[in-house]
Each structure stands twice: as structure tokens, then as C-alpha cells.
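*Asks:*
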Amino acid sequence: MQTHYLLGLDGGGTKTDALLCTADGEVKARCTAGPSSLTGQSEESAFLQIRTVLTGVLSPVGGLDAPIAGFYAGISGGGLEENRQKFRALFRRLLSGLEHWDCGSDSVNALSAGIGCEDGIIAIAGTGSSVFGRKQGAMRQVGGWGYLLGDEGSGFDLGRRALTAALRALDGRGEPTLLKDLCETHAACALRELVARIYQRNSKAEIASFAPVLLRAARQNDAAALAELEASAGEMAHAIRCARRFCGSANVVLGGSVWQDPSYRAAVERLLGQEYTLITPRFPPVYGSVTLAAALAGFSCGEAFRQRIEETIGRVN
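If you read the sequence shown in full-length UniProt numbering, its first letter stands for residue 1, the second for the next number, and so on.
#1: In whole angstroms, what separates the C-alpha of L98 from that of G56?
#2: Please classify E99: does DSSP put it in a helix, a strand, or coil?
#3: Identify whether S130 lies in helix, strand or coil by the three-state DSSP scheme.
#4: Would you mind stating whether G11 and D106 have Cβ atoms separated by less than 9 Å?
#5: Excluding the five sequence neighbours on either side, which residues of its own chain have a C-beta within less than 8 Å of the C-beta of L6, listed in chain order?
#6: May I have the straight-line CA-CA distance separating P176 from Y199, to the nearest angstrom?
#7: Rounded to a whole number of angstroms, what is the C-alpha to C-alpha distance between L182 and D151?
#8: Hey, could you find the ends of the beta strand (DSSP E) N221 is sitting in?
#9: Under the three-state reduction of DSSP, which class applies to G11: helix, strand or coil?
#10: Going by DSSP in three states, F210 sits in which element: helix, strand or coil?
#11: Is the beta carbon of G155 less than 9 Å from the beta carbon of A208?
#12: Can you find the residues in the same chain that come closer than 6 Å, C-beta to C-beta, to D157, ignoring five residues on each side of it along the sequence?
#13: Got a sec? Which residues, its chain only, sit under 6 Å from G153 by beta carbon, not counting five neighbours each side?
#14: Residue range of the alpha helix (DSSP H) that V286 falls in?
#15: Output the boundary residues of the alpha helix (DSSP H) element that contains residue 368.
#16: Can you name the residues that DSSP bridges to R139?
#17: Nearest to S45 by CA position, among A73, Q136, T16 and E269, is which residue?
#18: What do you reckon, are the CB atoms on E26 and R308 nearer than 9 Å?
Now the structure itself:
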């Protein structure tokens, strides 16, 4: 009897993760490589990482020419049509045995890792932020327009709020706050020196690194920090409510490191109310991509499938 293979790929700005399993969820191989996002590196570099990870994960079943019944690749930036077409062309060149397949945003992976193929919401709060609602396979983006035009409720947003509140306290526009001293301690320099450094480096990640400073001050009941946390959490809650208007579901899968802070999560949860269910995925995003691969190929991607993956993943890790 022919074995039907399913392949999932999750690509981001840090690493690329690929998982190969059978139609019933038995894991056959898993492989990781470097970043495959087209942001911050050349296409050549990103495509090399994708080729590397696919070569590795498919080596047990015959390599890149192996027959693949279902394949889904969710890659950071893959939701943009220009990028999506580039990735589609790459996969056509690399994988000659594809049957049913698609590619798109890595946000879809994270959502499917949490709730399978059901309708729902993915709320990402890492260095940046974005929210997506899914209804019968269609995705709608809310926010996620980058740090110059968006990223509300993200680590960048929290860090920027910490710095602006500290500067308002410094020049007298704002109330006294622990944030002034905490920001200076974190930066190992005076605020005025820090401002010059931030504009010189123009680093989104550096500003986001001040997010824990805001959260620390909020835990100490600093009034300015609590107000900024409430405002940032309010932006995230508003985006989630907007996504619900599209998809009709109140199930919210959480992605990104900011959700690991109890005070941030509690603030968003309180603002949303009890009708929303916040879900921390049991599985990493690559599990979501292989779940979508199963759906594309017409195989079951329910709890039995996911349980089988969980039982067999240890064989290849």
C-alpha cells in the first residue's frame, strides 16, 4: 500500500523548521535551518535555507523528488502576494513530486498549531505584532503594518511607551515614574545619551528590548507604567475584536514572546472579557503547517492526527 507523505514548513526571521509525516500523523523526519524570511537578507540566502531544510527533511524518503501528497509552507512575509509568488516559483523548482500544496504567511501556521483547521484568530505579539482572523480558510489581517505605521501591542510598542514615559518625566511633561531610572539602568547610560544612540542606530529590536522595563515597572504598581500597559493591551484587544467581526470566532491563539508575561496577558484578557478564549498552542508552528498540508490533501487533521504527531515526534528530535 502506498504511503502518503505530508510536509510542513515554518519559516521566519530566526530559523526554518520542516516536518515530514504520514497521512495518519506518524512523524518521519524533522529538520531545521537558518532564516528564510525575505526581510533583512537576500532572496538567494533565504532560498538556500529553504533548499537546505527540504533536502534534509526529505532525505529519508528519496530526497527532493519524493512524492508529497500535501505540503504547506508558511513563511514570514509570505502573505504578501509578491513574496508568495516568489516562494511558489521556488517550490515548483525544488519539489517535483508535489500534489496538493500552497504557501502563505507563517501566521497561518501558528493559528493551525493552536486550533487545527477551525475558524479563529491568531494574535501575535513579539517584537512586532499582527492579528489575523480565519473564516472557512480565508484570512484577514488586522494591524501588523510594521513599526513605523503599526505594531500596536507589541514588544516594540511597549518599549517605545517605556521610553516616551521616561522622557516625559525627564522634561516635566509627565508624572514622576520608575521608568526613568529603570530605562537608564537597562541602557547603562543617561536618557539623553540613550536618545542619541537610538536615533543613530535606528534599531527596532533595541527599542523593543525596553518592553520588559515597562512590564517590570507595572508589576511595581508604577502609575505611568500601568497606564502605558493598559493602552498597549487595549490596542491588542481592539485588534482581536476587529478580527472576530470577520471570522465570528472568539477563540484566540497566542503567538510571540510578549504573551509570556502574565501582566500583559491578564490585561488583554480583562479588556476582552469572558466571552473570549485565549489559547496557548501545545505545538510549535511547524505542526500547524503539516496540519494544513493534511487538509490540502484531503486527509483528516483532527485530534487523532495531532495526537499521533505528538506521540512520534520524539523519534526524530
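Quick reminder that beta carbons are idealized off the backbone N, C-alpha and C, glycines included.
On a predicted model such as this, the values are computed, not experimentally measured, just so you know.
*Replies:* Once the coordinates are examined:
#1: Translated into positions along the sequence shown, residue 98 becomes position 98. Translated into positions along the sequence shown, residue 56 becomes position 56. Roughly 17 Å between the two C-alpha positions.
#2: Numbered from its first residue, the sequence shown carries residue 99 at position 99. The answer is strand: DSSP assigns E99 an E or B state.
#3: Within the sequence shown, the letter at position 130 stands for residue 130. Looking at S130 - three-state DSSP - the assignment turns out to be strand.
#4: Along the sequence shown, read from residue 1 onward, the residue named residue 11 stands at position 11. Along the sequence shown, read from residue 1 onward, the residue named residue 106 stands at position 106. Result yes, Cβ atoms of G11 and D106 sit closer than 9 Å.
#5: Numbered from 1 along the sequence shown, position 6 holds the residue referred to as residue 6. If we look at L6 and ignore the five residues flanking it on each side, its Cβ neighbours are L20, C21, T22, A23, I68, A69, G70, F71, V290, A293, A294, A297 and F299.
#6: Along the sequence shown, read from residue 1 onward, the residue named residue 176 stands at position 176. Along the sequence shown, read from residue 1 onward, the residue named residue 199 stands at position 199. Distance between the alpha carbons of P176 and Y199 is about 24 Å.
#7: As a position in the sequence shown, residue 182 is number 182, starting the count at 1. As a position in the sequence shown, residue 151 is number 151, starting the count at 1. When rounded, the distance between both Cα atoms is 23 Å.
#8: What you label residue 221 is simply residue 221 of the sequence shown in a count that begins at 1. Here N221 belongs to no beta strand (DSSP E), and DSSP marks it neither H nor E.
#9: Numbered from 1 along the sequence shown, position 11 holds the residue referred to as residue 11. It is a strand residue.
#10: Position 210 of the sequence shown, counted from the start, is the residue given in the question as residue 210. F210 falls in the coil class under three-state DSSP.
#11: If you number the sequence shown from 1, residue 155 lands on position 155. If you number the sequence shown from 1, residue 208 lands on position 208. For G155 and A208, yes; Cβs fall inside 9 Å.
#12: The sequence position of residue 157 within the sequence shown is 157, counting from 1. Around D157: D151 and S232.
#13: Numbered from 1 along the sequence shown, position 153 holds the residue referred to as residue 153. For G153, where only same-chain residues beyond five positions count, the Cβ hits under 6 Å are A125, S129, S232, E235 and M236.
#14: Here residue 286 refers to the residue found at position 286 when the sequence shown is read from its first residue. Start and end: P285 to A297.
#15: Residue numbering for the chain in the displayed model covers 1 to 317; residue 368 lies beyond these limits and cannot be assessed.
#16: On the sequence shown, residue 139 is found 139 positions in, with the first residue counted as 1. The identity of residue 139 in the sequence shown is Met, whereas the question assumes Arg. Its beta-bridge partners are R134.
#17: On the sequence shown, position 45 is the one that residue 45 refers to. Selected option, being the one with the closest Cα: T16.
#18: Within the sequence shown, the letter at position 26 stands for residue 26. Within the sequence shown, the letter at position 308 stands for residue 308. Against a cut-off of 9 Å, the Cβ pair of R308 and E26 comes out as a contact.
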